[in-house]
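Heads up, the thing below is written out as structure tokens.
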Amino acid sequence: MRIERRSFGKKALRGLALTAGTLAISGMVNAVHAQNAAPVRIGVPTSMQLQVGRDTITAIKMAVDEVNAKGGVLGRKFEYVAADETENPETGISAIKKLTADEKVDLLIGGYTSGVTLAQLPHISAAKTLYLGVGAASPAITAKVKQDYDNYKYIFRVGPINAAHQARALVDYISNFVIGELGYKQIAIVGENAKWVQDLVPVLSKGAKDVGAEIKLSELFDTQTSDFSPLMAKVKSSGAQYMIVVLSHASSDVFAKQWYDAQVPVPYGGIDVKSMDGDFFSRIGGKSISEVAGNFAVRAPLTPKTIPFFDEFKKRSANYPVYTAFFAYDSVHIYADAVKRAGSFDTDKVIKELEKTKHVGVVGEITFDETHDVQTGKGKANLIFAQWQDKGERAVIYPKELRTGNFMLPPWVKR
Amino acid sequence: MIYGAVTSAIYALLAVGFTLIFGVARVLNLAHGSFYALGAYGTYLLASVAGWPLWIAATVAVASVAVFGVAVERIIIRPLRHSQLGVLMITLAVSLIVEQALFLSFGSEYRNVPAFVETKVNLAGVDVGGQRLLAFALAFLAIGLLYAFIQRTRLGSAILAIAQDAEAAKYMGIPSDRIFSLVMAISAALAALAGVLAGPFLSVQPSMHLLPIVKAFAIVVVGGLGSIAGSIAAAFMLGYAETVVAYLVNGSWTEIVSVLATLLMLIVRPAGIFGKRAAF
Numbered sequence: 000m001r002i003e004r005r006s007f008g009k010k011a012l013r014g015l016a017l018t019a020g021t022l023a024i025s026g027m028v029n030a031v032h033a034q035n036a037a038p039v040r041i042g043v044p045t046s047m048q049l050q051v052g053r054d055t056i057t058a059i060k061m062a063v064d065e066v067n068a069k070g071g072v073l074g075r076k077f078e079y080v081a082a083d084e085t086e087n088p089e090t091g092i093s094a095i096k097k098l099t100a101d102e103k104v105d106l107l108i109g110g111y112t113s114g115v116t117l118a119q120l121p122h123i124s125a126a127k128t129l130y131l132g133v134g135a136a137s138p139a140i141t142a143k144v145k146q147d148y149d150n151y152k153y154i155f156r157v158g159p160i161n162a163a164h165q166a167r168a169l170v171d172y173i174s175n176f177v178i179g180e181l182g183y184k185q186i187a188i189v190g191e192n193a194k195w196v197q198d199l200v201p202v203l204s205k206g207a208k209d210v211g212a213e214i215k216l217s218e219l220f221d222t223q224t225s226d227f228s229p230l231m232a233k234v235k236s237s238g239a240q241y242m243i244v245v246l247s248h249a250s251s252d253v254f255a256k257q258w259y260d261a262q263v264p265v266p267y268g269g270i271d272v273k274s275m276d277g278d279f280f281s282r283i284g285g286k287s288i289s290e291v292a293g294n295f296a297v298r299a300p301l302t303p304k305t306i307p308f309f310d311e312f313k314k315r316s317a318n319y320p321v322y323t324a325f326f327a328y329d330s331v332h333i334y335a336d337a338v339k340r341a342g343s344f345d346t347d348k349v350i351k352e353l354e355k356t357k358h359v360g361v362v363g364e365i366t367f368d369e370t371h372d373v374q375t376g377k378g379k380a381n382l383i384f385a386q387w388q389d390k391g392e393r394a395v396i397y398p399k400e401l402r403t404g405n406f407m408l409p410p411w412v413k414r
Numbered sequence: 000m001i002y003g004a005v006t007s008a009i010y011a012l013l014a015v016g017f018t019l020i021f022g023v024a025r026v027l028n029l030a031h032g033s034f035y036a037l038g039a040y041g042t043y044l045l046a047s048v049a050g051w052p053l054w055i056a057a058t059v060a061v062a063s064v065a066v067f068g069v070a071v072e073r074i075i076i077r078p079l080r081h082s083q084l085g086v087l088m089i090t091l092a093v094s095l096i097v098e099q100a101l102f103l104s105f106g107s108e109y110r111n112v113p114a115f116v117e118t119k120v121n122l123a124g125v126d127v128g129g130q131r132l133l134a135f136a137l138a139f140l141a142i143g144l145l146y147a148f149i150q151r152t153r154l155g156s157a158i159l160a161i162a163q164d165a166e167a168a169k170y171m172g173i174p175s176d177r178i179f180s181l182v183m184a185i186s187a188a189l190a191a192l193a194g195v196l197a198g199p200f201l202s203v204q205p206s207m208h209l210l211p212i213v214k215a216f217a218i219v220v221v222g223g224l225g226s227i228a229g230s231i232a233a234a235f236m237l238g239y240a241e242t243v244v245a246y247l248v249n250g251s252w253t254e255i256v257s258v259l260a261t262l263l264m265l266i267v268r269p270a271g272i273f274g275k276r277a278a279f
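Quick look at the structure:
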């Protein structure tokens with residue numbers, strides 16, 4: 000409703016400006032003024048039905064409120080309009096078209112599914128609209144920036160760190176924690192058959208072998224899979240001591256439940272996007288007990304902004320934020336700062352400033368590499384591994400310097 | 000190979016209801032998967048949200064889906080039954096409406112349905128969740144009861160009579176419309192039962208009706224449209240084929256098995272294994 004009214008107001012302004020323009024040259028000046036005072040419109044294409052999408056929108060609203068409380072940027076306030084891109088590329092393309100052509104947004108912040116974002120890219124570049132990605136992890140997205148800078152310079156990934164970086168973080172976890180601390184060398188790798196996993200698993204397998212792991216089984220399953228029992232049986236009979244998972248679009252819920260129900264004697268952990276949800280443990284009846292999942296941030300003093308952000312978010316939405324929220328919140332501020340530095344809303348000038356970004360965000364310092372992809376490393380965006388423990392408490396297990404609890408085995412596994 | 004049996008039993012429950020309504024009323028019910036979804040969501044709603052005891056929630060869910068099935072048959076399908084295409088379209092519409100309704104009321108996320116039994120059972124060296132065994136046993140029981148009902152009772156004979164020749168049955172004084180409603184209720188209840196039984200290990204999700212309809216279709220084509228024995232046999236073939244492929248080949252190949260089976264069967268023997276004639 001509120002958005003409707005705003006767009007009506009904008010139309011009225013435009014109408015006014017137009018009439019004025021036809022009347023006299025002084026009217027033209029008025030028109031320019033009216034345009035300048037019009038708010039900056041942020042388009043938010045995301046999967047609105049999922050937690051990642053709802054949290055993206057909440058976080059953007061938070062950041063927009065903060066920017067507006069300080070009087071906006073260069074005299075313009077911020078506002079946002081969302082469109083549902085679902086997890087389907089065709090719907091994703093319509094969302095971009097709606098936002099760029101109908102809503103005439105000034106920039107886009109959003110994304111979740113890599114397949115959808117990849118399908119949207121040509122449409123984003125055709126609309127010459129800035130796009131700050133906050134959800135999709137495929138390296139192929141920002142690879143386009145390098146291949147064809149003039150057409151794809153509009154694309155930035157504020158987060159999450161790309162699939163290759165995630166693979167390396169996972170290898171660190173395997174080498175330093177699974178092998179180094181637990182002493183498990185026999186490993187099974189299980190992932191869903193999706194674009195970003197196909198990108199990730201080869202890097203992961205090679206890395207794990209290099210650090211001394213023995214890969215007993217490596218398998219991708221269809222994202223529609225509903226019965227994981229044959230897979231679980233395979234993992235069990237492979238002799239693996241630890242199962243590394245790479246899941247986001249497939250049903251992590253069903254996976255965890257069936258793992259628990261069959262009491263698979265192999266602890267598991269890895270990248271499990273649904274397991275980043277604050278309510279994951281409770282919504283599957285506690286069956287993810289002892290699972291370790293990589294998160295992009297936890298409520299810990301990673302930067303001065305982390306804890307205030309988590310608490311303020313919780314106040315607004317009743318749950319702790321998932322990863323898209325961190326990056327969506329940062330994206331708004333990163334854009335606002337770039338505009339201030341550029342002293343203009345001109346897209347090309349803003350891009351030049353965005354490339355120089357050094358922004359202390361929720362997860363760490365955000366900087367971009369030459370492909371406009373967020374960088375990882377100490378003090379920057381990273382994967383933090385946390386384990387589901389009794390009563391749905393999450394304990395940080397790795398990296399060691401952030402550890403808040405001790406590793407536990409599944410209740411039915413004896414060492 | 001227990002896993003294959005559980006998958007197969009769920010498939011059989013789905014396919015038997017699907018083939019029954021086709022055999023008797025010549026209705027290709029594309030909303031069949033919705034009954035499955037509604038059964039599972041009903042249990043979720045009553046047990047997880049309203050806090051009812053699970054067994055009661057499940058029974059009420061199955062019964063209400065049966066009533067819903069009858070309503071769909073009475074109000075929507077009956078006026079269109081002279082046209083197979085019309086029935087096809089309208090049941091497709093029903094399934095989409097149900098999906099959207101679930102989507103709007105529950106969101107697109109997976110929801111947890113609590114399990115009836117939490118124990119793990121070790122059968123011949125294979126660990127199986129108790130819920131799965133229960134699903135298998137109940138599915139078997141339900142199909143057995145249905146079979147006895149059709150073979151042994153007067154109503155069952157009436158159903159058989161209509162399936163063989165609807166017109167002749169009418170002349171014999173069998174109230175075919177009432178029988179159709181009954182069959183629809185049974186068919187919907189079986190699908191809902193499948194949903195209730197599978198819910199705890201599969202969770203519920205608004206588009207969950209799609210998979211069962213694809214599987215039921217594949218099974219029924221392979222087994223012979225309208226043949227109950229054929230459906231059961233085909234359900235087991237398909238259930239095992241998928242499990243074996245997942246175990247021996249790769250998990251990403253399982254979903255293609257049923258589609259491939261359907262295609263092959265349509266080319267080689269359009270009537271299916273037990274079918275007397277081609278359905279299309």
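Respectively, the protein sequence lines represent chains A and B.
Residues in the first sequence are numbered consecutively from 0, following numbering that gives the first Met the number 0.
Residues in the second sequence are numbered consecutively from 0, following numbering that gives the first Met the number 0.
For each residue, glycine too, the CB sits at the ideal point set by N, CA and C.
On a predicted model such as this, the values are computed, not experimentally measured, just so you know.
Sort out for me which residues DSSP pairs residue i with in a bridge.
i	result
L107(A)	G42(A), Y130(A)
H358(A)	I365(A)
W387(A)	R393(A)
G190(A)	L219(A), V245(A)
I154(A)	Y130(A)
Y267(A)	M242(A)
N294(A)	I383(A)
V120(B)	V127(B)
Which residue's Cα is closest to the Cα of residue i: the options?
i	options	result
L299(B)	I231(B), L247(B), A49(B)	This structure cannot settle anything about residue 299(B), because the visible part of chain B is limited to 0 through 279.
I218(B)	L201(B), A188(B), L263(B), I178(B)	L263(B)
V338(A)	G74(A), G42(A), K60(A), V43(A)	G74(A)
D164(B)	V64(B), A24(B), L13(B)	A24(B)
A92(B)	G106(B), S107(B), I76(B)	I76(B)
T90(A)	Y79(A), G71(A), Y111(A)	Y111(A)
V157(A)	K348(A), Y334(A), G404(A)	Y334(A)
F155(A)	H248(A), F295(A), F326(A)	F326(A)
W258(A)	L353(A), M275(A), K399(A), L230(A)	L230(A)
S82(B)	V26(B), Q130(B), I158(B), G222(B)	V26(B)
G404(A)	K413(A), W411(A), N175(A), E392(A)	E392(A)
Starting from residue i, follow the alpha helix (DSSP H) in both directions and report where the run begins and ends.
i	result
L282(B)	This structure does not reach residue 282(B), given that chain B is present from 0 up to 279, and the question cannot be answered.
R153(B)	153-163
S250(A)	Where S250(A) is concerned, there is no enclosing alpha helix (DSSP H), given that its DSSP letter is neither H nor E.
G71(A)	From DSSP, G71(A) is part of no alpha helix (DSSP H); its letter is neither H nor E.
Between which two residues does the beta strand (DSSP E) harbouring residue i extend?
i	result
K273(A)	Premise fails: K273(A) is in no beta strand (DSSP E) and is neither H nor E.
V412(A)	V412(A) -> no beta strand (DSSP E), and no H or E assigned at all.
F77(A)	77-83
Using a Cβ-Cβ distance under 8 Å, would residue i count as near chain A?
i	result
E98(B)	no
V64(B)	no
P113(B)	yes
So, at 8 Å on beta carbons, what are the nonlocal neighbours of residue i in its own chain, with the 5 sequence-adjacent residues on each side left out?
i	result
L137(B)	L192, L196
Y109(B)	S202, V203, Q204
P113(B)	A46, S47, L53, P199
With a threshold of 8 Å between beta-carbons, can residue i be considered close to chain B, or not?
i	result
A261(A)	yes
A82(A)	no
F220(A)	yes
V253(A)	yes
L408(A)	no
N192(A)	yes
T323(A)	no
I288(A)	no
G284(A)	yes
Just to confirm my understanding: we take residue i, look at its own chain, exclude 5 residues before and 5 after, and list those with CB closer than 7 Å. What are they?
i	result
V61(B)	G38, A188, A191, L192, V195
L29(B)	L87, T90, L91, S94, I212
K96(A)	H122
Could you pull out every residue in the same chain whose Cβ sits closer than 6 Å to the Cβ of residue i, ignoring the five residues on either side in sequence?
i	result
G190(A)	V196, V200, L219, V245
V144(A)	Y151, I154, T370, H371
P159(A)	A136, F295, Y322
V202(A)	A163, A166
Hey, is residue i's beta-carbon within less than 8 Å of any beta-carbon in chain E?
i	result
P229(A)	Of the protein chains in the structure, A and B, none is chain E.
Kindly examine the ligand GDP and report whether one of its heavy atoms sits closer than 7 Å to the Cβ of residue i.
i	result
S175(B)	Among the components modelled here there is no ligand, and therefore nothing to report on the ligand GDP.
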